[in-house]
Amino acid sequence: MLERMFKLTERETSVKQEVIGGLTTFMTMSYIIFVNPSIMADTGMDKGALITITCLSAAIGSLIAAFWANAPLGLAPGMGLNAFFTYTLVIGKGIPWETALGVVFISGLFFLVMSIGGIRERIAQAIPVELKIASTAGIGLFIAFIGLKSMGLIVANPATFVSLGKFTPTVVLGVIGIMVSALLELRGIKGGMLIGMITTTVLGMIVGVVDLPTHIISMPPSIAPIAFKLDIVGAFKFALIGPIFSFMFVDLFDSLGTLIACAKEMGMEDEDGNILSLGRMIHTDVASTIVGSLLGSSTVTTLSETTAGIAAGARTGLASVVIGILFLLSLLFTPIVGIVPAYATAPALIIVGIYMFKNLKELDLHDFKTALPVFATVIMMPLTYSISTGLSFGFLSFIVVHVGTGEHNKVSPVLWAIGGLSLLSLVV
Numbered sequence: 015m016l017e018r019m020f021k022l023t024e025r026e027t028s029v030k031q032e033v034i035g036g037l038t039t040f041m042t043m044s045y046i047i048f049v050n051p052s053i054m055a056d057t058g059m060d061k062g063a064l065i066t067i068t069c070l071s072a073a074i075g076s077l078i079a080a081f082w083a084n085a086p087l088g089l090a091p092g093m094g095l096n097a098f099f100t101y102t103l104v105i106g107k108g109i110p111w112e113t114a115l116g117v118v119f120i121s122g123l124f125f126l127v128m129s130i131g132g133i134r135e136r137i138a139q140a141i142p143v144e145l146k147i148a149s150t151a152g153i154g155l156f157i158a159f160i161g162l163k164s165m166g167l168i169v170a171n172p173a174t175f176v177s178l179g180k181f182t183p184t185v186v187l188g189v190i191g192i193m194v195s196a197l198l199e200l201r202g203i204k205g206g207m208l209i210g211m212i213t214t215t216v217l218g219m220i221v222g223v224v225d226l227p228t229h230i231i232s233m234p235p236s237i238a239p240i241a242f243k244l245d246i247v248g249a250f251k252f253a254l255i256g257p258i259f260s261f262m263f264v265d266l267f268d269s270l271g272t273l274i275a276c277a278k279e280m281g282m283e284d285e286d287g288n289i290l291s292l293g294r295m296i297h298t299d300v301a302s303t304i305v306g307s308l309l310g311s312s313t314v315t316t317l318s319e320t321t322a323g324i325a326a327g328a329r330t331g332l333a334s335v336v337i338g339i340l341f342l343l344s345l346l347f348t349p350i351v352g353i354v355p356a357y358a359t360a361p362a363l364i365i366v367g368i369y370m371f372k373n374l375k376e377l378d379l380h381d382f383k384t385a386l387p388v389f390a391t392v393i394m395m396p397l398t399y400s401i402s403t404g405l406s407f408g409f410l411s412f413i414v415v416h417v418g419t420g421e422h423n424k425v426s427p428v429l430w431a432i433g434g435l436s437l438l439s440l441v442v
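Here the sequence shown stands for residues 15 to 442, numbered as in my numbering.
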C-alpha cells in the first residue's frame, strides 16, 4: 500500500529512509512548538490553546503535503510571519488578534487566486533578487532583536532608546542557551536549537527560576479560546491592505524559495529546469495557511528546515506522514512545553535570525544602487519594529534610485504597483 501511495521505488527510496528523513526534519523544526506560542501569546491569546494549535496546524499542513503533493515537506507557522502578526499588527497597530487572523485568512485566499495559472511565480520573478534577499535578512535581524529583547539582554532606555540589560540569572541562562544552541549547530547536530531550549529550561529549574511541571503527559489544552474566532469582515478594511500585502509578499518568496530548493535537492526537475509538481506543493502551502488561520494560527508555510530531512534521504510524502504523526504525539507533552520560559525560547529566535541574515553574502553591495534599498529594507524592520515598513522603504528606495539614474527598465509594471501599495501603506 505504501509503495502504491507514495511511489517509493520510483523515487529510489525506502520506508526506512523516509522515516529517518521525516524524523530529521521534525527534530530540526520542533523548536516551533515552543517558540510560536511564546511569540503569539504576547497578543493576549491563550498560550495553552496556542501550543495545541501550533502542533495541529503543523501536523495538518505536513499531512496535506504527504497526501496531496507526495512531497517530504514540513509545514508549520512561519518564523517572521508570527512576529509580524504579533508585534506589527496586534501590538504595533492595536488590531485585535481576531482581526489579525482574518488578515491571514484573506492573504491565504489571495494566495489561492495567485497560484492559479502560475500568477504567483510570475510575480515572484518580477521582484529584484536583491529585495528578496534583503527582506529575508531584515526579518532575520528583526526576530533576532525580538529574541534579545525577550531574554532581557536588550532593554529600553529613554536616552538611547535601547541599551544593554542587567545580567540577571535569567539573562545569564539565556546567554548560555545561545552558546549551547550555537555550538550544537556548528557541530551539525540535529535539533540543536531544541536541545538548547531544553538545557536552558533545566538549568532554570536547578536555580529555581522555572517551576517543575505538575505532569509530564496529559491531554492537550482546548483550542476553544482561539479556534474559529477570526474576524474576516473586520479584516476587510482599507487600512489593512498593507498588512495583507506584507503577509503575501513574505510568504510568497519564503515558501517559493524553499519549495524550489527542496525540489532541486530531490532532483524533481525536467530537462528544461522546470520543477515537477511545484503547483501541488504551492497549493499545499495555500491550503495550510487557510486552515491554520481558521484554527487560530499565523501563516503556516513550508519551513526551510525541510531541507535537512531531504538531505537525510526523504523523497516522498511518507516522510511528511512521519512529521505529522510526531507533531500529533507532541500534543501529549504540553505540560512540559507550557513551562518553557521566554528566555529559553529567545536563543532559537536569535539562531534562526542569524541563518536568515547571512543570506546577504549573496549580494554585491559595492554597487550603491543595490546597497541603498537593501540597507533601507534591513535596517528599517528592527528600528520600526515592523516588517511591512521595512519592505515599503525597500521597494520605494529601489524605484527612486533606478528611476533617478535613468534605469527605468529595471522597474517592472508589477514593481510599480507594489511601490504604489507600499506608499499607500506608509501614508495610511
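Cβ coordinates follow ideal geometry from the N, Cα and C atoms, glycine included.
Review point. Going by alpha carbons, who is nearest to LYS251 out of MET370, GLY116, LEU343, ILE274?
Key: With distances taken between Cα atoms, LYS251 lies closest to GLY116.
Practice item. Please confirm if ASP299 has its CB atom under 8 Å from at least one CB of chain E. Key: Looking for chain E here will not work: only one protein chain is present.
Check your understanding: Under three-state DSSP, which class holds THR315?
Key -> strand
Review point. Taking the alpha-carbon positions, what's the ALA90 to ALA97 distance?
Key: 14 Å
Check your understanding: For LEU187 versus TYR357, is the C-beta spacing smaller than 8 Å?
Key -> The Cβ atoms of LEU187 and TYR357 sit closer than 8 Å to each other.
Check your understanding: Can you give the Cα-Cα distance for SER291 and ILE258, rounded to whole angstroms?
Key -> 27 Å
Review point. Is SER402 helix, strand or coil by DSSP?
Key: helix
**Study point:** Helix, strand or coil at ASN373 according to DSSP, with G and I counted as helix
**Key:** helix
Point to revise | Exposure of THR174, with buried meaning 16 or more beta-carbon neighbours within 10 Å | key: exposed
Practice item. Measure the CB-CB distance between SER260 and GLY122 and report whether it falls below 8 Å. Key: no
Exercise for review: Would you give the residue range spanned by the alpha helix (DSSP H) that ASN171 belongs to?
Suggested key: Not the alpha helix (DSSP H): ASN171 falls in the beta strand (DSSP E), residues 168-171.
Review point. How long is the line joining the alpha carbons of CYS276 and LEU77, rounded to whole angstroms?
Key: 17 Å
Review point. Which partner residues does SER177 have in the DSSP bridge list?
Key: Beta-bridge pairing links SER177 to VAL169.
Practice item. Consult DSSP for ALA90 and reduce its assignment to one of helix, strand or coil. Key: strand
Review point. If you run the structure through DSSP and keep just helix, strand and coil, what is GLY106?
Key: In the structure shown, GLY106 sits in a helix (DSSP, three-state: H, G or I).
Review point. Using the C-alpha atoms, what's the distance from MET15 back to ILE153?
Key: If I take the Cα positions, the gap works out to 43 Å.
Review point. Mind checking whether ALA63 and ILE339 have CB atoms under 8 Å apart?
Key: Taking 8 Å as the Cβ cut-off, ALA63 and ILE339 do not qualify as a contacting pair.
Review point. Just how far apart, CA to CA, sit GLY191 and ILE274?
Key: 33 Å
**Study point:** C-beta atoms of VAL300 and LEU126 nearer than 8 Å
**Key:** yes
Check your understanding: Just checking my contact of PRO227 with ILE353 at CB under 8 Å: how many whole Å lie between their CB atoms?
Key -> 5 Å
Review point. What are the complete alpha helix (DSSP H) segments, minimum 4 residues, inside the region 145-230?
Key: 183-200, 206-221
Practice item. Indicate the three-state DSSP secondary structure (helix, strand or coil) for HIS297 in the structure shown. Key: helix
Check your understanding: The alpha helix (DSSP H) with SER76 in it runs from where to where?
Key -> 61-78
Review point. Which whole-angstrom value describes the C-beta separation of SER44 and GLY205, a residue pair presumed to lie in contact below a C-beta threshold of 8 Å?
Key: 7 Å
Point to revise | Rounded distance between the beta-carbons of THR38 and ALA431, thought under 8 Å | key: That belief does not hold up - the Cβ atoms of ALA431 and THR38 are roughly 41 Å apart, past 8 Å.
**Study point:** Where TYR357 sits in the DSSP three-state scheme
**Key:** DSSP places TYR357 in helix when its eight states are reduced to three.
Practice item. Just confirm the distance between the C-beta atoms of THR330 and GLU32, as a whole number of angstroms; I'd bet it's less than 8 Å. Key: 6 Å
Practice item. Ignore the nearest five residues each way along the sequence and tell me which others in ASP456's own chain have a CB closer than 7 Å to its CB. Key: Residue 456 is absent from the model: the chain starts at 15 and stops at 442.
Review point. Using the beta-carbon count (16 or more within 10 Å), is VAL336 buried or exposed?
Key: Per the 10 Å Cβ criterion, buried.
Review point. For ALA362 versus MET193, is the C-beta distance shorter than 8 Å?
Key: Not in contact: ALA362 and MET193 (Cβ atoms no closer than 8 Å).
Review point. According to DSSP, is ALA326 helix, strand or coil?
Key: It is coil, neither helix nor strand.
Review point. When you compare each of THR320, LEU332, LEU162, SER426 to ARG18 by their alpha carbons, which one comes out closest?
Key: LEU332
Point to revise | Bounding residues of the alpha helix (DSSP H) (the contiguous stretch that carries LYS3) | key: Missing from the structure shown is residue 3; the chain here goes from 15 to 442 and no further.
Practice item. Give the single residue among LYS21, LEU429, VAL264 whose Cα lies nearest to the Cα of ALA151. Key: VAL264
Point to revise | Neighbourhood of PHE412 by C-beta, 7 Å cutoff - its chain only, sequence neighbours within 5 removed | key: PRO142, LEU145, PRO387
Check your understanding: Under the three-state reduction of DSSP, which class applies to LEU340: helix, strand or coil?
Key -> helix
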